[in-house]
Every structure is written in C-alpha cells, then in structure tokens.
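Shown next, in structure tokens, is the structure this report addresses.
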Amino acid sequence: MKFDAPATTNPIDRQRFIGQPLDRIEGQLKVTGSAPYAYERHEVVPDQAYGYIIGAGIAKGRIKAMDLDAARAAPGVLGIVTAANAGKLGKGKRNTARLLGGPEIEHYDQAIAIVVAESFEMARAAALLIRPDYEAQPGQFDLAAAQERAVKPESGDPDSGFGDFARDYAQAPVTLDETYTTPDQSHAMMEPHASIAAWKDGAVTIWTSNQMIAWGKADVAETLGLPPEKVRLDSPYVGGGFGGKLFLRADCILAALAAREVGRPVKVALTRPMIFNNTTHRPATRQRIRLGAAPDGRLLAIAHESWSGNLPGGATETAVHQTRLLYAAPGRLTRTRLARLDLPEGNAMRAPGEASGLMALEVAMDEMAERLGMDPVQFRILNDTRVDPENPGRPFSQRHLVECLKRGAQRFGWAQRQAKPGQRREGGAFIGLGVAAGIRNNLLTKSAARVRLTRDCRLIVETDMTDIGTGSYTIIAQTAAEMLGLPMAQVEVRLGDSDSPVSAGSGGQWGANNATAGVYAACVGLRQLIVARLGLNEADAVFADGRVQSGGNRTALAQAARQGELVAEDGIEYGDLAERYQQSTFAAHFAEVSVDAATAEIRVRRMLAVCDAGRILNPKSARSQVIGAMTMGVGAALMEELAVDHQRGYFANHDLAGYEVPVHADIPHQEVVFLDEPDPLSSPMKAKGVGELGLCGAAAAVANAVYNATGVRVRDYPVTLDKLLAAMPA
Amino acid sequence: MIGGDEFDISRRAVLLGGGALAGAGPVRAATRKETDMQDSPTMMEVSFSVNGEARRLRLDTRTSLLDALREHLQLTGSKKGCDHGQCGACTVLVQGRRINSCLSLAVMHEGDEITTIEGLGQPGELHPMQAAFLHHDGFQCGYCTPGQICSAVAVLAELQAGIPSHVSPSLTEAPTLSEAELRERMSGNICRCGAYSNIMEAMREIAGEPA
C-alpha cells in the first residue's frame, strides 16, 4: 500500500482498541519470567555448548601471537575460534570495526577469540588461559585534543545554513557564545547481547537479541559470505536495546563461527564488563552555540557546531540536527565535524543527535533567556516557527510545541519559579525549576506484515518487527483487532523472525507508526479477501464485534474463516509527504530539583513531559516509553559518563557499578501528558514516534533546574556535585 | 549439561571444597586419583528445594546459584544482567530473604528453600505483585522484571519485619512504609527502561498507601 496522500477517515479512527490504555499482551509472560530471551532458549535445539568471548587488551595495534595451548587442553573444551581459523570474513554494511579482531586490533575489547566448552564454567576458565602477545601502537583517545584535527565528514549533510549568520550575529544586540560538552554514554540495556547459533545443511539459525532483524540477517550473510536465504534470525524478546542492538554484534557472529567450528549449537552472551568497550556507545560531543537576539527576545541568529570522534569509517554524532528545525531565526548556520579516535565504535543510542544536541541547545536557550531578562518558556514560545526555517516553503505537518509549553507550564506550577537563581530554599536545600523543549523527527520507512485468519477465527499477525520493551506486540494486536473487528484475545502476534515479512524494525522511534501502518495495509488486504469470500460489497463493509456488516447483511467472521484459512501480506510504502512536510514530534519538559546547600547533592523532585506525537496508539505503553526516556534523561544530566582512559584508550568504568545509571532512589513520580492529535500526513495510523521524544530535552530541563536552584551553570555534563560545590550560594 | 563419572571429583578438590564450604552438606567421596585442579572440575552434589520442589544436582562447584537455576534446571525466569551483583536481575528468595543469585555458589545452598519468579506465580495465576506490575506497566523490555518483582515482594516483608534501611530515621523503631523506604530498598534492582515510577505505583497498590 502506497501512502502518498493525507489519510482520510479509516477504521482506525473508531478507536475501540487503538488509543485504549490496554495492558501489554505479552505482559503475563514477562512478569512471570516466562518470556524467552535469546540465551534462554534451551528448547530450540538440543546439545547446546557454551561459548565465552575474550576481548583485546589493547586499544590499537596487533596480536603478534596467541598461545592457545593451555586453553585447548583445558577440561571440557570443544574448540576455539580466532581470526586465524575463522576463515575469510566480510564486514557487515553497518559495522565500523570488525566483530572478530586479529591480527589487527581496532579498539579495546574487540573480540579476539571464542572458546567453546561443555559448560559455561569450563569455557570461562579455559578462555582465561589464552595468552595473547600484543604489539600496541599509539592511538588518539582524547576528543578535546583531536578536535583541531577534525574534518568535514563526507556524508551526512555536515554543513547547513540560511541567510547570513555572520552578519546577523554581528549586529545582534544580545549575544551568547558558549561551549558545551557531553560525555560518551553507554546503552547499558539489561539483557546482555546474546545468541545461540546452530547450523544445518549449510544454513545457520541464530536465536538472538536484535532490534533490526533484516539488517542483522543481511549483515550475518555479508560477514559469513553466505547467501541471505541461508541465514535465519529469531528475536521474539529483546531485553532492551536503546540502539545498542540495532546492529550485528560479536555474540551473533562468534556464536555462528563457533557452532560451525565445533559442529554443535553454541550459545554465548557478552559478559557485562565487556559490553561497554566491545559494543557501540553514544559518542562524546563538544558543541559551540552562538545565539543573537533582539532586546524583545526574537532570535536573529543561531549557530550550532559540533565535534565528535569515531574510528575510521565511523559516523558523526549529529548533535546539531534539531537546531535546524526548532526555532525561527533569519541567520542560521550548523557545522558537524568528525575527529578520528581509536576508542570503541561510536554509533546510535536512543535519540542519536538530538539527545546530545538538546543538552547543549536547551541550556543555551536558558542562558539567553536570562540575558534577555525573559521567562524561558516565553522565550521559546516567541521563537516558535511554523515552517522549516532553512526552507520556509516547507511547513511542519503539525507542530504543537507552543501548546506543550503552555500546558506544561500551567500544570507544573511554573509561575512559582523564581527568575533569579538561588532564591528558593527549603530547609537545607535550594530548590529550582527548569524547562526545555524537545524535538525528534517522525521517520517514515516501509514496513510489511502477513495476517492470517485461521479456520477457528483467530487472527495471526507475522512480521519481523521487534518489541524491545516498546509495546510493539500490543499495538500491533490493537491495530489488527481494530481493522478486523475481533477481540484482542483472538489476535496472536508473532515478532522477530526473519522468515516473516520485513518491517521497519525498532529504532529511531520509527517502529510504532510504521510497523502498525504495515499491519494496517495487510489487514486491508485481508478484509478484501473476507468480503470477496462472503460475496459482500467492499465499499460499505464494516468490521466490528466479530462480524462484517454490508448493506443489510451481518455475517460472522467465523463463517468466512470456516471455509479455509485466508492469508494477506502487504506493507506500507511512502510517497513524498515527508519531503513536502517536515514531520516531527515535540515535547516540553519540566523538572524540579533540590540541591543540598552543604553537599550540593542533587535530587530530582518532580518531572513532567507534555508530548505532541500524533495519535497515541496505547497511552499506557506510550507513557512508559516517555517516563523511561525521562529517566535516561536524568542519567544523562546527572550521572552517566564513560570515563576515558586517555593513556590506554578505553572506557575505564565498564560495568554497572562504575557506569552509573538512575536507580529507584533517583527517580520521583513522573507525569506525562499527551496532546494526542492524529496527524493524517504521517500514515493511515495518524501516529508518530514517541519512544525517543521523552529523552529529547529531558536532561537539559534537569540541568536548567540545577542552575535555577543554585545559580551555578555547568556546561560540561554530567552535572555532578563536584562541579557545583565551589560556587554554591551561601 | 554436565554429569556422569568423567567429572568425578579429586580428593584434594573435595578437601578444598569441603574446607571452603564447611557445612554445605555431605560430599560424595572421590573415586579418581588426585589430579591437577585444572584438569578436572570439582563436582559436588547439592540438594535444595526450588519453588517447593526437591532438587538434587551434581554441579561444578564454580556454578552460581543463578546458573544452576537457568542452565541446569532451565528455570530461566531469573535473569543474568551483569553476573556481578550490580543489577539485581537475578534476585531470588532464599529462606524467604532476597539475594543476588549470581553472587552465590549453588553448592552453598544445601537444604535451602529457594523461590524464583516462577514460584511466585504463573501466567493465568499471577501473584498479586505480578498482577500489579502488569496493570501499572511496571516494566518494558521485561528483562529486569522478575528480579524487580522478587525484590518488591521481599521489600514489603522486610518492612513488615521491621528491618531498617539507609533512609530509616531510626534503627530501633519500625520503619514506615514511605516511598523513600520503598525506593531505597529497591535501588539494587536496575531498570534501564526506566519503569521506576510505575513500579512504585505497583508496590503502593500492594502495600497500601504509604504513610
């Protein structure tokens, strides 16, 4: 189904299932521990052996030799795979560094061997007997030092501009020119990367944990030199991803190589301490922002430049992207530059670009509002835009940022905020309020599904879409139930199998809208088959309450089903609506913090997000997406930082004790408001993404609240107490 | 899975194991000649009950309680998030108290009564805490969820038993059922999806309104 004109009224608009806050359909499995994650699939294939991966102990250089004798002789060992015996390997299109290193080493903890044994304990013990002999080479591990050698990347639209920024900035009566830094961050999803691989007749099946099944399948085939039809991936449950499982990783490839080597199925999980340096991370940024404004608060000039680093062939962190769209200003400029670093591979983490970029931009806006003597909410409202500021002929499909800010301000009690910082004190703590705007684009990408009406009138939906905690199972079932007029209990959703039609997958907050639109398309096809079988008129057929009504006829769906299973497969594809209209989601984030007057310990006391993200398909699971992202925003604001060892070139705090993420005690009650405005330019679902929006701006709101509490402006994240202490008010 | 005579333990290993694990229960005598530790894993038998069912396992002594549950008994509800006691995903109840099962060797649990998430409730027969998590959407990806639920059940029992926490105002008076107490006691269970606010709602429902 081609979606190339705005959606009109369709069965989804009835909202009998869509839009309802239904519990997750797989929820009973998850709360009882019955949902099977990758490493737990004892039943899929017998005789599983255990793999254990070791990583490189240097960041850059080569392995001169690797003594495997002791490991090979260790009890229970079935085989060892290294680059020396893995055979010729390709590299997946989406991988920067190779997944099996050696002899060249590209980053610390790059996998260099997998040991397979009869048990986990034996594999681990044997793996620790491997003695690699390295020849280390110097590398570049410090972004600040590498910044001046950064270059304009070849792809990714590194320069943008409009009007004459230099002139407008020079003439602006009020200006700001500040630099902000964000650190490297880790996804730290709870389920480690894990895979079980088994070969049969030259084909491999990998039960894994992956967000993008079709990408993974293609890259397994590419890496192993197999035709794609010889590769099957299955990933029905994913214990969190946040971008860390978008791409093929070492567990998947090394499980496949090891299983081939030992002639048995092999299961392997990355150990937690290895994940931080072996897999991808959100790259650190250094960002310079210049704002010029008229005394009345209108922005005249806005420039955002960002520097990040990566391995050769890696991409930039697109931290300036939101600045091209968020506020009006006649003179505009953005620059993105890339430095070569020999740290582990930088890549997408939840809201790549915007998460880091808004941490800088929205603090700059807070600073500018103060210089102008304006309220930060009013300053943002004043500089709202109805069109793409770099392309004024191109409107937003919808944009309700002003309403988000206004409703949020009212609900949060923004009027109580003291404009002057450090004024509000309760007991031994300073109290502050902060606001930030959020924007994240609504990305349209094709997505397919197959729907089957079985003889016993169950509706089965199959698609390679994944549910990484996002609620895909439930919203897909809601979509199918709505389209066919069947109760939720009669709908079964099967996800994550590469044998199913290719979906949008889970990433970039594009999953919900596109995957349900694909199911919508397939359901339209199934409705046609049903109507044809029953000899009804398609034009006026209404599917509801388990029946089809057409003309004066009301026929039970069960009657159509009894005559034999009906199967329809289709997908959604998009025309140029995303080119003609800028499609984005918006949020207003509010936070209240307390900062201990003596210790500068920061506590978040209240949080609110007001979100403009099209139709909300399931307010319960969508709200969870937003509060989860807000929680990650608290982490970004106050604690998350991969500490770079600039000598040895690795992230030193590579576990969940050293890399701090928010815990229960860090997070207050969180409130979310959805404007819930269907956007007919997005898809037949009229929905947009929401899974990343909750992170966009959340950290800046917290940082701005800390400033409002203390009067201390921290421009280097995370905002920790040591950066406040020296300047705390009396 | 491992088993059979080829993994019979050495005498030295038994002595070492018995020394380190005194009181862990009877150890079957070694039948094979002493060999280097590295050549053969030390195997021991251990008996405990899991979710009310008596279990007897012959295990490599290095096997954590978590791996005994997940790999040997195939009770995969308890999760391995870090294997280092840093995330709480492996939380189970032993003798009614919660522990990180990844930080405990299986053979240390001779005679213990162990309850895992599977023992709290099953699909269609949920424990009230499981039902509250479901209704309040106190999870997303589901991977930390069994640990959160086991902890939540144990936390309410700890409060009832008057066990103080870091945030309790007094060590001698009974702690109150405040949100600060609940959050503090749950902070060993990380949820990267960030369902904390909803988990608190679920716990409040089961605990009754906090003071």
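Residue numbers (this note's numbering), protein chains in the order written: chain A, 1 to 730; chain B, 1 to 211.
Where is the CB? At the ideal position from N, CA and C, for every residue including glycine.
Across the stretch 176–201 of chain B, CB contacts with chain A closer than 9 Å involve Glu-179, Ala-180, Leu-182, Arg-183, Glu-184, Arg-185, Met-186, Ser-187, Gly-188, Asn-189, Ile-190, Cys-191, Arg-192, Cys-193, Gly-194, Ala-195, Tyr-196, Ser-197, Asn-198, Ile-199, Met-200, Glu-201, in sequence order along the chain.
For the stretch 67–78 of chain B, residues whose beta-carbon sits nearer than 9 Å to a beta-carbon of chain A comprise Asp-67, Arg-70, Glu-71, Gln-74, Leu-75, Thr-76, Gly-77, Ser-78. Runs of the beta strand (DSSP E) lying entirely within the stretch 30–82 of chain B, each at least 3 residues long, are 43–50, 53–60 in chain order.
Residue range 542–544 is occupied by the beta strand (DSSP E) that includes A:Ala-544. For a Cβ distance threshold of 8 Å, residue set Lys-30, Val-31, Gly-33 of chain A lies close to B:Thr-145, ordered along the chain. Taking 8 Å as the threshold, the shortest C-beta distance from A:Arg-272 to chain B falls below it. Chain order gives no chain B residues near A:Met-465, where near means a beta carbon separation below 8 Å; the closest approach is about 15 Å.
Taking a beta-carbon distance threshold of 8 Å, A:Arg-24 counts as an interface residue toward chain B. Classified as buried, B:Gly-77 has 16 or more neighbouring CB atoms from the shown chains inside 10 Å of its CB.
With its beta carbon at least 8 Å from every one in chain A, B:Ile-163 lies outside the interface. Per the coordinates, the alpha-carbon of A:Pro-228 lies some 19 Å from the alpha-carbon of A:Leu-495. Contact annotation: in the stretch 37–57 of chain A, residues whose CB is within less than 8 Å of a CB in chain B are Tyr-37, Tyr-39, Glu-40, His-42. In this structure A:Ile-213 is not in contact with A:Ala-255, their Cβ atoms being roughly 16 Å apart against a cut-off of 8 Å. With a beta-carbon spacing of about 31 Å, A:Gln-110 and A:Ala-35 fall beyond the 8 Å limit used to define contacts. According to the DSSP secondary-structure assignment, A:Arg-450 is paired through a beta bridge with A:Glu-462, A:Glu-569.
Rounded to whole angstroms, A:Gly-525 and A:Ile-460 show a C-alpha spacing of 14 Å. At the C-beta level, A:Lys-688 and A:Ala-609 stay beyond 8 Å of one another. At least one C-beta of chain A is nearer than 8 Å to the C-beta of B:Thr-63. When the Cα atoms are used, A:Asp-384 and A:Gly-90 turn out to be separated by approximately 48 Å. Per DSSP, the beta bridge partners of A:Trp-307 are A:Arg-286, A:Arg-337.
For B:Gln-74 and B:Val-153, the gap between their C-alpha atoms comes out near 23 Å. Each of A:Ser-186, A:Pro-11, A:Thr-181 was checked against the Cα of A:Asn-653, and the nearest Cα belongs to A:Ser-186. DSSP lists A:Met-66 as the beta-bridge partner residues of A:Pro-132.
Looking only at A:Ile-80, A:Gly-87, A:Val-451, A:Arg-124, the smallest Cα-Cα distance to B:Ser-64 is reached by A:Arg-124.
Interface annotation, A:Met-639: not in contact with chain B, CB-CB separation never under 8 Å. Chain B places a beta carbon closer than 8 Å to that of A:Ser-624, counting this residue as a contact. Note on A:Asp-177: under 16 other CB atoms within 10 angstroms of its CB, so exposed under the neighbour-count rule. When beta bridges are read from the DSSP output, A:Pro-273 appears opposite no residue.
Check the Cα spacing between B:Ala-180 and each of B:Asn-189, B:Glu-53, B:Ser-168: the tightest is with B:Ser-168. Burial is judged here by how many other beta carbons sit within 10 angstroms of a residue's own beta carbon; A:Ala-489 has fewer than 16 and is exposed.
The continuous stretches of beta strand (DSSP E) do not include A:Ile-253, which lies in the alpha helix (DSSP H) extending over residues 250–262. In this chain, A:Ala-730 is not harboured by any beta strand (DSSP E), its DSSP state being neither H nor E.
Taken through DSSP and simplified to helix, strand or coil, B:Leu-126 comes out as coil.
A distance below 7 Å between beta-carbons, with the five flanking residues on each side excluded, links A:Gly-711 to the following residues of its chain, in chain order: Pro-421, Gly-422, Pro-729. The alpha-carbon of A:Asn-618 is positioned some 7 Å away from that of A:Ile-475. Taking a cut-off of 8 Å for Cβ pairs, the stretch 669–688 of chain A and the stretch 3–11 of chain A touch, as three or more such pairs fall below it.
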